[in-house]
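Chains as they are written, first to last, in this note's numbering: chain Z, 1 to 349; chain L, 350 to 950.
Virtual Cβ for every residue (Gly too), placed ideally from N, Cα, C.
Please read the structure below before turning to the comments.
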Amino acid sequence: MLAEIALFPKTASTIAGDIDSLYFFIIGVTVAISTVTALVLVYFTIRYHRKRPDEVPKPIHGSLALELTWTLIPLVIVLIMFGWSVKLYFRILVAPEDAVEIYVTGRQWMWKVQHPEGQREILGYLPSSVEGVPDPGSEMHVPVGVPVKLILTSEDVIHSFYVPDFRLKQDAVPGRYTTLWFQATKPGRYRMFCAEYCGTNHSKMGGWIVAQEQSEFQQWLSSKADRSLALKGRAQFLKQQCISCHTGDADARAPVLEGIYNQKRQMADGSTVIADEAYLRESIVNPRARIAAGFQPIMPPYQGQLSEEELLELIAYLKSLKRGDIPPRNEETPPPAVKPDALPEPNKP
Amino acid sequence: MSAASHTHEQSFVSKYVFSQDHKIIGIQFLFTSMIFLFLGGLLALGVRTQLGWPDAEIPVIGKWLFGGSAGGKMPPDYYNMLFTMHATVMIFFVIIPWLTGAFGNFTIPLMIGAPDMAFPVLNMLSYWFMWPAFIIMLVSFFCFGGAASSGWTSYPTISSLGLAPGNGTASHASQGSGMGQILWLTSLTFVGISSMMGSVNYVTTIINMRAPGMTFFRMPMTVWAMFITAILQAMALPVLTVALIFQLLDKTIGTTFFLPPAGATIGNWTSGPGGGQTILWQHLFWFYSHPAVYIMILPAMGMVSDILATFGRKPLFGYRPMVLAIAGIAGLGFIVWGHHMFQSGMDPRLGTGFMLATIMIALPSAVKVFNWLGTTWNAKIEFTTPMLNALAFVGMFVIGGLSGIFMAATPVDMYFHNTYFIVAHIHYVLFMSSIFGIFAGVYYWYPKMFGRMMNETWGKIHFAITFVSANAAFYPMHLVGMAGQPRRYAMPVDAPSMEHLQGLNTWISVWAIIMGFAQFIFVANVFISLFAGKKATRNPWKANTLEWGTPSPPGHGNFEKEPLVVRGPYEYSGPESLPGEDYAPQAPNLDVPEAVPAHAH
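Rendered as structure tokens:
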């Protein structure tokens, strides 16, 4: 009902309705308290104003019973809010394991969206230098009815990915990955904004989330299919000579990367980490931050050598690696530093 | 008493310019804050002009301000500078110095019965260290690239990205992040030094210089609030200063405290690798700036408590719970900074802790509000201008405080973070509460400061217009935020589906302009009353606290004789009242007949 009012956004994700319930609860409580307080304040002010100069009020200093009342009742109310919030908070932040992943890189003043299947989209402001280029529509396509997880980062300054109709917002921070997941409930076009101040054209760094039925979405994916992210990552893997050390042999100088994604890894200092995107990224740009157990810190840092997109491609490749996927390091491996387009197209996975 | 030794004649310069008298220093802070209130207000009206009439040609001054190429329209970078400098000026040059500098200085020694501050020279320096800050900040408007434009929060990397050392100060990230940002950081470092000197002075004075009989639990709420605020400031400021210096080093000599290892790329320009963390700034900054929110409201709470009791002619309801509540707010204030960063990628287990601490602040705040209500209950309220402003403070703080709960509950904050709802919330707290508290304080202590009364009629007109226009302007901001409009948008209409909010935005701007002009009434009242106001008696409001036992204005050294405090500050309408009166001064020995000239000793 409220969705009909222009001042209230649509409810278009599975979490939105639940956030709204909490939101309406807080609105109810706060509006009730502020209305009662305001009425009491106005009533007291009028009722108890001094009519004659010799009127003298009773000197009341306070009341412990009242103090306890107006501390304990609010305590109960805020604890209810707290418990309710915690439950939702974890639901908002912890993405389901089977979520469709989409990579989103922010930069002044656009969002570069990369689907693992290879499609790229751009949301946001197109600088005048590319004004001749046909308008890509400032759209990002997502499927309806399945969880979608955005993996966000930024090339330059902090941005924030904000979809009012999904009630969600997540900063994109340079130098790290953050995630945002949602499940759109019905097909449609939903507004998307940048919510963290990012410079001149901050207000233009928005676009539309296009939620489509899954069949339609699959069709869209294949109709505009480019070479997939993981395939580009494979080219990077060879070009950057990762293959020199990260071979498929168990006795290599560097860890075998097949099937590494989301596995628990033993570190040299005895700790363990989950090899998620953040860890993979760190291990590329700053490999000496955490050394895998049984290996020497010999890998050079790649910070500043790879663009955010190239990093994403590499990580997508690492995530796709299954046992036996690493190409053998032999004469058939194309020489490093060759243009990626010249690479032979491997068989579709 | 040492007052006699201070009575030698002083030159004009040492009496009014480089004065070491806490009252003069307080008045100096008062006037500079008032001047900056107008600069800050002007910047706000610039912001509202753009939002109310987006991309409109601004007649006459438009071409002069923005240059011919912009065609008299406000460029987005100019807008970004406006909102940045509006917040900076209002927070660091108006509210903090007005509350702690002006009122803190003026009231603390007078209300605790001390002849002056513990360190008068330090006190003088705390004012004069504001001047480098003023000058540097004002100069920054005219430097290449204009004043800082990264928001008053100045999050890296938009604020910190510059060229390598030796390549000039221009920044690729944002026009104002060049020289303007460097000057901004330098200026705030001076503000920090000034505040630090002020706070150690206040703490020392309150601990050591209370008059005989003035126990801690006989101190008026104003003094309690100033005391706790000063402690907050002294503990939080070093962290901000460190952050400012880190960013200054990042921008000038090429350190990388806030630049991530992979560096940053803007267009064809790359920063080179860093070694720090962007998020580090947010932690350091909010570790100061969340307590700063309380620095900007607690003194007003204290002053309002005193004013409510005085004009209610009734003891403050629940004095001790009120003191505990202020201490509680201040204590919790140190462990809630993370609620500004729920969206930064914070681990939800950490976020839960911040959420709990934040939501708990509702309790001491509720205690304060209900005790103020308790004070008005069964009172005999006198509707003076300070009382009207104090009552408005209570009402508006309820709204500002309760709207904070939306941000404390993380799932809801996910939606409201960085929308106009936040703008509404901070203005209900910092304008509607702090500024009404400030107005109440000015109307209340003006007779003591200058020996004349302000005009009551104009005071009430000023109050009425400000109250109506401020609510009309700030309340709809909640609605704009609920509809999803992000803050810091130079052109909200450019964003998808924002056109329907334009009507509301124009409405807000119209009322903001009315509110801005209404403040001229206040300034005129302050200045005209200096000469034309009715002469004030020693105790025009028949209040209990010690300052009203001095001449108006008090001479150098404050008290004609040492006050002997025999009771708490709120004994109104009790059995101890003076004969035929309804108040009982804290130090009855100060109560000399009106006929005795002010400088009789």
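{"Check": "Residues that F732 of chain L contacts on chain Z, provided the C-beta gap is smaller than 7 Å", "Outcome": "H49"}
{"Check": "Reduced DSSP secondary structure (H/G/I, E/B, other) of P322 of chain Z", "Outcome": "Strictly speaking, residue 322 of chain Z in this sequence is Lys, with Pro absent from that position. Coil at K322 of chain Z, not helix or strand."}
{"Check": "Burial state of L68 of chain Z (16 or more Cβ within 10 Å)", "Outcome": "exposed"}
{"Check": "Buried or exposed by the 16-neighbour rule on C-beta atoms within 10 Å, applied to W480 of chain L", "Outcome": "exposed"}
{"Check": "Segment contact, 8 Å Cβ cut-off, at least three pairs: the segment 304-314 of chain Z with the segment 230-250 of chain Z", "Outcome": "yes"}
{"Check": "Within 7 Å of chain L by C-beta, residues of the segment 167-179 of chain Z in sequence order", "Outcome": "R167, L168, K169, Q170, D171, V173, P174, G175, R176, T178"}
{"Check": "DSSP beta-bridge partners of W181 of chain Z", "Outcome": "Z:K149"}
{"Check": "Counted within 10 angstroms of its Cβ, other Cβ atoms place W635 of chain L as buried (16 or more) or exposed", "Outcome": "buried"}
{"Check": "Whole-angstrom C-beta distance between A579 of chain L and S548 of chain L, which should lie under 8 Å", "Outcome": "4 Å"}
{"Check": "Best match in L:L895, L:P928, L:L391 for proximity to A936 of chain L [C-alpha to C-alpha]", "Outcome": "L:L895"}
{"Check": "Where the segment 815-844 of chain L meets chain Z: residues whose CB sits under 7 Å from a CB there", "Outcome": "L828, M831, A832, G833, P835, R837, Y838, A839, M840, P841, D843, A844"}
{"Check": "Straight-line Cα distance separating E97 of chain Z from A278 of chain Z", "Outcome": "16 Å"}
{"Check": "Under 8 Å (Cβ pairs) to chain L, residues found in the segment 188-213 of chain Z", "Outcome": "R191, M192, F193, C194, A195, E196, Y197, C198, G199, T200, N201, H202, S203, K204, G206, G207, W208"}
{"Check": "Straight-line Cα distance separating S544 of chain L from S475 of chain L", "Outcome": "7 Å"}
{"Check": "Beta-carbon gap between M781 of chain L and G808 of chain L smaller than 8 Å", "Outcome": "no"}
{"Check": "Assigned secondary structure, L343 of chain Z (DSSP; H/G/I helix, E/B strand, else coil)", "Outcome": "Confidence is the limiting factor: at L343 of chain Z the pLDDT is only 43, short of 50, which leaves the residue's position unreliable and the question unanswerable from this model."}
{"Check": "S13 of chain Z - partner residues in DSSP beta bridges", "Outcome": "Z:A184"}
{"Check": "Cβ distance (whole Å) where Q834 of chain L is taken to contact Y777 of chain L below 8 Å", "Outcome": "The pair is not a contact, with the Cβ atoms about 17 Å apart (cut-off 8 Å)."}
{"Check": "Contact with chain Z by Q935 of chain L, beta-carbon distance below 8 Å", "Outcome": "no"}
{"Check": "7 Å CB neighbourhood of N888 of chain L in its chain, flanking five on each side removed", "Outcome": "W897"}
{"Check": "Complete runs of the alpha helix (DSSP H) confined to the segment 515-598 of chain L [at least 4 residues]", "Outcome": "528-557"}
{"Check": "Under 8 Å by beta carbon: chain L residues contacting I274 of chain Z", "Outcome": "Going along chain L, no residue has its Cβ under 8 Å from I274 of chain Z, so there is no contact; the nearest lies around 13 Å."}
{"Check": "Residues that V672 of chain L contacts on chain Z, provided the C-beta gap is smaller than 8 Å", "Outcome": "The contacting residues do not exist; V672 of chain L stays about 12 Å from chain Z at best."}
{"Check": "With 16 other Cβ atoms within 10 Å as the buried cut-off, status of Q119 of chain Z", "Outcome": "buried"}
{"Check": "Buried or exposed (CB count within 10 angstroms, at least 16 for buried), I274 of chain Z", "Outcome": "exposed"}
{"Check": "Opening and closing residue of the beta strand (DSSP E) in which T899 of chain L lies", "Outcome": "Here T899 of chain L belongs to no beta strand (DSSP E), and DSSP marks it neither H nor E."}
{"Check": "Assigned secondary structure, S475 of chain L (DSSP; H/G/I helix, E/B strand, else coil)", "Outcome": "helix"}
{"Check": "Cβ-Cβ separation, L168 of chain Z to W63 of chain Z (assumed contact under 8 Å), whole Å", "Outcome": "Note that residue 63 of chain Z is Ser in the sequence shown, not Trp. Not really, about 46 Å apart at Cβ, beyond 8 Å."}
{"Check": "7 Å Cβ cut-off: residues of chain L touching P297 of chain Z", "Outcome": "By Cβ distance, chain L contributes nothing, its closest Cβ being about 15 Å from P297 of chain Z, past 7 Å."}
{"Check": "Below-8 Å beta-carbon distance, W726 of chain L vs any chain Z residue", "Outcome": "yes"}
{"Check": "Sequence-distant residues of the same chain with beta carbon closer than 6 Å to G188 of chain Z, five excluded per side", "Outcome": "A211"}
{"Check": "Start and end residues, beta strand (DSSP E) containing A813 of chain L", "Outcome": "Looking at the DSSP string, A813 of chain L is not in any beta strand (DSSP E); the run it does join, the alpha helix (DSSP H), is 805-831."}
{"Check": "Span separating the alpha-carbon of S129 of chain Z from that of G616 of chain L", "Outcome": "Bear in mind that the predicted position of S129 of chain Z carries a pLDDT of just 37, short of 50, making it unreliable; the figure below should be weighed with that in mind. Near 11 Å, if we compare the C-alpha coordinates of G616 of chain L and S129 of chain Z."}
{"Check": "D156 of chain Z at chain L interface by Cβ criterion, 8 Å", "Outcome": "yes"}
{"Check": "Burial state of N516 of chain L (16 or more Cβ within 10 Å)", "Outcome": "exposed"}
{"Check": "Spatial distance of A574 of chain L from T725 of chain L (CA atoms)", "Outcome": "20 Å"}
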